[in-house]
Amino acid sequence: MIRQNEKGESVEGYDFSNIGPFFGTEIKLLQPLNIDRLLNGLKAASYNVNVSECDVRKARVEMSRTLQELYFKYIYTRQMTSLAQEVKTNLQKAIDKVNAALDEDDDERVSQADLLELKTQQFTIDDGLYQARYGQDVAHNAMVFCLQSDTFRIQDTVLYLRTDKIPGIDSLKVLMIANHPDLARLALGMKAQEMMVKVARGELLPDAFVAGSYKFTRAWSDKVHENSTEDLLNPYNKKEATLGLGLRFNLNMWSLKDKYIKEKCELEQLHYKETYASDGLFMDLENQYQKVNHYYKRQEAAAISLEAADSWLKSAAMKYDIDPSQVSGLLKAYEKNIQAKKDFYDCVLDYNIAVADLIAKTGLTLSDFHR
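The sequence shown finishes on residue 373 if you use this note's numbering, and the numbering steps up by one all the way, no holes.
Here you go:
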């Protein structure tokens with residue numbers, strides 16, 4: 003409050019007994035005006051998030067392809083186990099039959115050499131059975147690791163030729179362009195880099211900003227009379243505001259220009275990489291498409307060979323039933339039949355995995371490809 007001293011001078015004094023309710027606030031603002039740079043930076047960050055989503059999609063595609071391969075390998079090993087067990091059983095029957103003939107002293111039809119010839123095949127059959135069981139365990143453990151679950155059960159026991167409908171190469175290219183995560187990742191990366199070039203270009207200009215402040219305080223006193231000027235002269239009652247514009251110059255221009263040039267070079271590299279990647283992916287897709295056709299023809303030829311080997315084995319078995327001395331013919335037919343079956347299932351496995359690779363190269367999971 004303003005008082006008069008002994009000399010008649012006006013002096014400012016404080017009478018804390020007059021202070022009642024009090025309110026005060028102060029706001030200070032410093033806001034850069036480089037909105038364009040801010041928006042471009044936010045867009046770049048958004049594109050980078052989408053790039054991460056593409057990485058997740060790619061991981062899903064790779065996981066789908068891996069699980070398909072493990073599944074067919076698991077069925078393949080079960081098929082080979084069943085085949086080896088069947089051959090072992092039939093070989094044991096043949097050994098028992100020769101033993102029975104020798105016990106009956108039928109030396110004219112069988113000999114000890116026939117028995118030894120049969121027994122020499124036992125290790126080959128047992129070794130194949132052990133390897134098949136080992137491969138089955140390995141494939142099962144790999145699936146447990148990928149699925150992070152050991153409770154799954156696969157009921158299939160026969161390796162079949164998958165029946166997925168494979169479109170033409172032109173349709174596959176369209177699918178790849180629309181869905182491949184690597185192409186999407188490159189496109190989003192280029193957009194993000196374009197925003198970063200704009201941000202770097204904006205940093206070459208001075209930073210503009212607006213600064214302001216606002217201060218308001220208010221005190222109430224019951225002792226202040228109506229129409230009194232004492233309230234206006236109260237030092238606790240204040241209302242102040244300031245506003246200003248400013249520029250901030252960065253004198254390290256060579257560093258900012260170097261950053262701008264680097265961002266532009268990175269953008270150009272991404273453009274070259276996109277062209278190279280798309281051409282490389284197209285070529286890779288075409289090669290895989292040809293591989294699928296090649297493996298399909300191989301399994302067709304293997305199926306014809308297996309059919310002939312089955313007929314040969316039936317003929318040799320009939321001759322052996324009539325004349326047990328035909329052991330060599332039976333063993334040779336068994337050997338060729340086993341090899342023909344193994345070749346056929348090898349070709350089926352190669353084809354099935356090749357189709358899984360082809361689907362993955364379009365950038366789709368198996369379920370997405372079927373849809």
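Heads up, the beta-carbon is just placed ideally off N, CA and C, and yes, glycines get one too.
Just so you know, these numbers come straight off a predicted model, no measurement behind them.
Exposed unless 16 or more other CB atoms sit within 10 angstroms - verdict on residue i
i, result
"residue 51", "exposed"
"residue 70", "buried"
"residue 132", "exposed"
"residue 162", "exposed"
"residue 42", "buried"
"residue 25", "exposed"
"residue 130", "buried"
"residue 156", "exposed"
"residue 339", "buried"
"residue 346", "buried"
"residue 63", "buried"
"residue 182", "buried"
"residue 271", "exposed"
"residue 82", "buried"
"residue 306", "exposed"
"residue 343", "buried"
"residue 191", "buried"
"residue 355", "buried"
"residue 150", "exposed"
"residue 329", "buried"
Closest residue to residue i among the options (Cα-Cα distance)
i, options, result
"residue 282", "143, 145, 364 and 79", "364"
"residue 101", "114, 91 and 89", "114"
"residue 246", "175, 219 and 212", "212"
"residue 140", "124, 193 and 74", "74"
"residue 164", "351, 369, 210 and 134", "351"
"residue 197", "266, 208 and 259", "266"
"residue 242", "264, 219 and 250", "219"
"residue 353", "159, 292, 368 and 32", "292"
"residue 268", "47, 195 and 86", "195"
"residue 56", "180, 142 and 357", "180"
"residue 257", "97, 205, 152 and 95", "205"
"residue 153", "142, 299 and 322", "142"
"residue 68", "358, 329, 372 and 203", "358"
"residue 31", "337, 248, 348 and 325", "248"
"residue 124", "94, 367 and 150", "94"
"residue 209", "252, 159 and 175", "252"
Nearest-angstrom Cα separation, counted from residue j out to residue i
i, j, result
"residue 49", "residue 39", "15 Å"
"residue 185", "residue 312", "49 Å"
"residue 177", "residue 297", "22 Å"
"residue 65", "residue 148", "8 Å"
"residue 89", "residue 146", "30 Å"
"residue 341", "residue 60", "39 Å"
"residue 201", "residue 214", "26 Å"
"residue 136", "residue 188", "42 Å"
"residue 239", "residue 27", "11 Å"
"residue 12", "residue 23", "26 Å"
"residue 138", "residue 309", "26 Å"
"residue 285", "residue 134", "36 Å"
"residue 126", "residue 370", "44 Å"
"residue 170", "residue 288", "10 Å"
"residue 314", "residue 335", "6 Å"
"residue 244", "residue 216", "7 Å"
"residue 173", "residue 302", "25 Å"
"residue 121", "residue 331", "15 Å"
"residue 321", "residue 128", "26 Å"
"residue 166", "residue 280", "25 Å"
"residue 76", "residue 85", "14 Å"
"residue 260", "residue 79", "60 Å"
Bridge partner(s) assigned by DSSP for residue i
i, result
"residue 194", "Bridge partners of residue 194: none, in fact."
"residue 215", "30 and 244"
"residue 209", "250"
Scan the segment 157-183 and note each continuous alpha helix (DSSP H) run of 4 residues or more that stays entirely inside, going in chain order. The DSSP assignment places 171-181 as complete runs of the alpha helix (DSSP H) inside the segment 157-183, in order along the chain (cut-off: 4 residues).
Along the chain, which unbroken stretches of the alpha helix (DSSP H) at least 4 residues long are found entirely within the segment 43-99? none
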